[in-house]
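Engineer:
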Amino acid sequence: MKLFSGAVLGLETSCDETSAAVLVGSQLLSNVISSQADIHEKWGGVVPEAAARAHVEAVLPVIDQALSDASVQLADISAVAVTNRPGLVGALSVGVSAAKALAFVNRLPLIGVHHLEGHLLSPFVNGNAVPFPHMALIASGGHTELCLVAAPGKYEIVGQTIDDAAGEAFDKTARLLGLGYPGGRAIQEAAQGGNPTRYSLPRGLSGDTLNFSFSGLKTAVLRLVEKEGGQLDVRDAAASIQEAIVSVLADRTALAAETCATEGITLVGGVAANLALRARLQHKAGQLGLPFVTPPLDLCTDNAGMISLAGSRRLALGQRDGLDLETLPNAPLPTE
Ligand code: KG4
Ligand code: ZN
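Basically our numbering = 1-based index in the sequence shown + 1.
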C-alpha cells in the first residue's frame, strides 16, 4: 500500500473516544486515546451532547500528548487526517474543526477519512501484510458488516446486521445483567469460567444468509432476567450471551470468506477486542487454510492510529480536502 512520505497527524472524535496519533510511513509513533466511558456509564450508552462537550475539553491535551509521545513538534507534521464521517455530528465536528484549524495555521494538507475505512485498514498499521482479496468483519458499537476488500480502497459490503450492531448487543445485554459499560468488555470479564451452554439464546437469522440479527437476543435476555430473577447465574448468562454473539459472527464470516473465495480474513472494530471472538475466528480461518489478521487491542476500539493510516493512503494518491470539509453523520463507505 502506497503511503504519504511525511508525518501524518490523525484525529478521531466520531463517538466517545478522543484520539490523536502520529504516523510516519506505516509506523505509529503515538496513538493517544482518551475514553469517555465513565461519563456515559450511568446512561448505559453514549449521550451525544455529553460526548461533544467532553471532546472539546480533551482534544487539545490529547493532540499535545500525541506529539509529545511521538517526540515530535507541530513543525514536524506534514499533513492532517481526520474522521469526518459517519458518526455523531456534534462529536465529529470537534475533531474536524481542530483539524481544519491546524491545517490552516500550519499550511498543511488536510484529508477527511471515513471511520469504517479506518477500521478496515487498521490491520495494516505498523507494516503488517494481509493478502487481497480478504473478508473483513467490522464489528463495533454502531456497525456489524462483512466487507469484501478487493484492494485498499475497493470495498463491497456483502452482509450486515438488519437491526442492532454486535457491540450494541453486548452493551444492551450487559445493562440487563447489571454489568458495566461498555458492555463488551464487561461481559467478557463476567463470562470467565462460565458455562456457555447453560442458557439457550437465539442466534438470529437462520440459513445461509450473510446478514445478522441481534434484536431477538436482547429480548430473550430480558425474558431470562425476568424469569430467573435472583436465581440467574450472571457468569453463565454472560458466557451464554458471549457464545451467542461470537458463534454467529465467526460462522458467518467463515461462510462469507468461503463464498467470496477470499485469500484471508480480518477482524476489526471495537468488538474485535473480544478474546473469544479472536480465538474462534483464528480457528475458523485455520480450518479454511486462510491467514487471519486482527490488530492489537488498542487499534480495535476507536483510535486515531487507523485514521492516520487511511488518511496517509489517500494523501499518497494526491487526494486533498479543503477547509469546507463537511461532517456527515451518515455516509456510505467510499469505494474506488
Ligand atoms: O469501534 P468502537 O470503539 O466504537 C464504535 O465505532 O462503535 O466499538 C465500541 C464497541 C462497544 O459496543 C463495546 O461494548 C465493544 O466495542 N467492545 C467489546 C469489547 N471491547 C469493546 N465487545 C466485546 N468484547 C470486548 N472485549
Ligand atoms: Zn469504530
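Idealized CB from N, CA, C, for every residue including glycine.
Quick one: give me the first and last residue of the beta strand (DSSP E) that GLU18 is part of.
Structural biologist: That run of the beta strand (DSSP E) goes 18-25.
Engineer: Let me know the secondary structure DSSP gives VAL150 once reduced to three states.
Structural biologist: It is a strand residue.
Engineer: In terms of residue numbering, what span does the alpha helix (DSSP H) encompassing GLU227 cover?
Structural biologist: It spans 216-229 - the alpha helix (DSSP H) in which GLU227 sits, taken as one unbroken run.
Engineer: Three or more beta-carbon pairs under 8 Å between the region 245-262 and the region 203-220, yes or no?
Structural biologist: The region 245-262, when compared against the region 203-220, does touch it at the 8 Å Cβ threshold.
Engineer: Just checking my contact of ALA21 with VAL63 at CB under 8 Å: how many whole Å lie between their CB atoms?
Structural biologist: Right, their Cβ atoms sit about 5 Å apart.
Engineer: Fully enclosed by the region 234-286, which alpha helix (DSSP H) runs are 4 residues long or longer?
Structural biologist: With a minimum length of 4 residues, the continuous alpha helix (DSSP H) runs that stay inside the region 234-286 are 235-260.
Engineer: Taking buried to mean at least 16 other C-beta atoms within 10 Å of its own C-beta, is LEU324 buried or exposed?
Structural biologist: It counts as exposed.
Engineer: Consult DSSP for MET307 and reduce its assignment to one of helix, strand or coil.
Structural biologist: Correct three-state label for MET307: helix.
Engineer: Output the distance between the C-alpha atoms of ARG54 and HIS284, rounded to the nearest integer angstrom.
Structural biologist: Each residue's Cα considered, the two are about 42 Å apart.
Engineer: Using the beta carbon as the reference atom, which residues fall closer than 5 Å to any heavy atom of the ligand ZN, ordered along the chain?
Structural biologist: Here the residues come out as SER141 and ASP303.
Engineer: Assuming the contact rule is C-beta atoms closer than 8 Å, GLY113 and ASN85 should be a hit. Round their C-beta distance to whole Å, please.
Structural biologist: Their Cβ separation, rounded to whole angstroms, is 4 Å, which keeps GLY113 and ASN85 in contact under 8 Å.
Engineer: Among all the DSSP beta bridges, which residues are the ones paired with SER31?
Structural biologist: DSSP lists VAL23 as partners of SER31.
Engineer: Let me check you understand the geometry: is the CB of GLY179 closer than 8 Å to at least one non-hydrogen atom of the ligand KG4?
Structural biologist: Flag unset: Cβ of GLY179 not near the ligand KG4.
Engineer: Look up ARG86 in the DSSP assignment and give the residues it is bridged to.
Structural biologist: DSSP lists HIS115 as partners of ARG86.
Engineer: Looking only at DSSP bridge pairs, what is LYS155 linked to?
Structural biologist: ALA152, per the DSSP bridge assignment.
Engineer: Going residue by residue through the region 153-204, where are the continuous alpha helix (DSSP H) segments of at least 4 residues, counting only ones entirely within it?
Structural biologist: Here the runs fully enclosed are 167-177 and 184-191.
Engineer: For a test of the three-state rule: what should DSSP assign to HIS144, helix, strand or coil?
Structural biologist: If DSSP states are grouped into helix, strand and coil, HIS144 belongs with coil.
Engineer: Can you give me the start and stop residues for the beta strand (DSSP E) that VAL9 sits inside?
Structural biologist: Start and end: 8-13.
Engineer: For a test of the three-state rule: what should DSSP assign to VAL294, helix, strand or coil?
Structural biologist: Correct three-state label for VAL294: strand.
Engineer: Looking only at its own chain, which residues have a Cβ that is under 7 Å from the Cβ of ASP234, when we skip the five neighbours before and after it?
Structural biologist: Counting only Cβ-Cβ distances below 7 Å, and skipping sequence neighbours, we find ARG199.
Engineer: Between which two residues does the alpha helix (DSSP H) carrying ASP70 extend?
Structural biologist: It spans 49-70 - the alpha helix (DSSP H) in which ASP70 sits, taken as one unbroken run.
Engineer: Could you give the distance in angstroms between the alpha-carbon of GLY45 and the alpha-carbon of GLN193?
Structural biologist: Near 22 Å, if we compare the C-alpha coordinates of GLN193 and GLY45.
Engineer: Just to check my reading of the structure: ALA339 and ILE266 have Cβ atoms closer than 8 Å, yes? What is that Cβ distance to the nearest angstrom?
Structural biologist: Outside the modelled stretch of the chain, which goes from 2 to 337, sits residue 339, for which no answer is possible.
Engineer: Between HIS144 and the ligand KG4, is there a pair consisting of the residue's CB and a ligand heavy atom that are separated by less than 8 Å?
Structural biologist: Yes, since a heavy atom of the ligand KG4 falls inside the 8 Å radius drawn around the Cβ of HIS144.
Engineer: Quick check on LEU334: does DSSP put it in helix, strand or coil?
Structural biologist: The answer is coil: DSSP assigns LEU334 none of H, G, I, E or B.
Engineer: Identify which residue in ILE163, ALA140 and TYR182 has its Cα closest to the Cα of ASP172.
Structural biologist: The candidate whose alpha carbon is nearest that of ASP172 is TYR182.
Engineer: Closer than 8 Å: is that where the CB of SER241 sits relative to any heavy atom of the ligand KG4?
Structural biologist: Flag unset: Cβ of SER241 not near the ligand KG4.
Engineer: Could you check what DSSP says for ASP322 in three-state terms: helix, strand or coil?
Structural biologist: Note: ASP322 maps to strand in three-state DSSP.
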